[in-house]
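What the sequence shown shows, in my numbering, is residues -12 to 98, in sequence order.
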Amino acid sequence: PDLVKKFAHRPAGDLNRFYEPVVDAIAASGCVIELNTAGWHKPCAEAYPAPDFLELACSAGIPLVISSDAHAPEEVGRDYAKAITLALAAGYRETQLFDKRRRHSEPLSVR
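Dropping the structure here:
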């Protein structure tokens, strides 16, 4: 929900007014969310989604995947340690991996 920051648009005030309905909808759907590291390499210099959104999602029990959104081989896995640290700070203790469309959990740890 905060991808708009990629385009330098930042709504004023408490963004939970936007985050809460999105978190509710995601939780009801049974989907996972993505922590995308590409934002750290954009003008906004922040991952998507924001830490406040991650905390709400974690509190709602929404599973998490981590992605570097790579568009070149050297970008694969970029900033994963930083993303894991952010996920742990938000309360996550595991990430989700997919193999042939089947999801399984893996513990988060910074190596």
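Each residue gets a CB set at the ideal place from its N, CA and C atoms; glycine is no exception. Here the structure is a predicted model, which is why all the values come from computation and not from measurement.
May I ask you to verify whether the segment 70 to 88 touches the segment 44 to 51, counting CB pairs closer than 8 Å and requiring at least 3?
-> In short, these stretches touch, since the Cβ pair count reaches three.
Residues that DSSP places opposite D1 in a beta bridge = For D1, which the question treats as bridged, DSSP gives no partner whatsoever.
Cβ-Cβ distance between V19 and L41 below 8 Å = Against a cut-off of 8 Å, the Cβ pair of L41 and V19 comes out as no contact.
Using 10 angstroms around the beta-carbon of D66, count the other beta-carbons present and answer buried if the total reaches 16, otherwise exposed.
-> Buried, since its Cβ has 16 or more Cβ neighbours within 10 Å.
Assign H58 to one of three DSSP states: helix, strand, or coil.
-> Note: H58 maps to coil in three-state DSSP.
Inspect the beta-carbon positions of W27 and A37 and report whether they are closer than 8 Å.
-> Result no, Cβ atoms of W27 and A37 do not sit closer than 8 Å.
CB of D56 within 8 Å of CB of N23, strictly = Yes; because the gap between Cβ atoms is below 8 Å, this pair is in contact.
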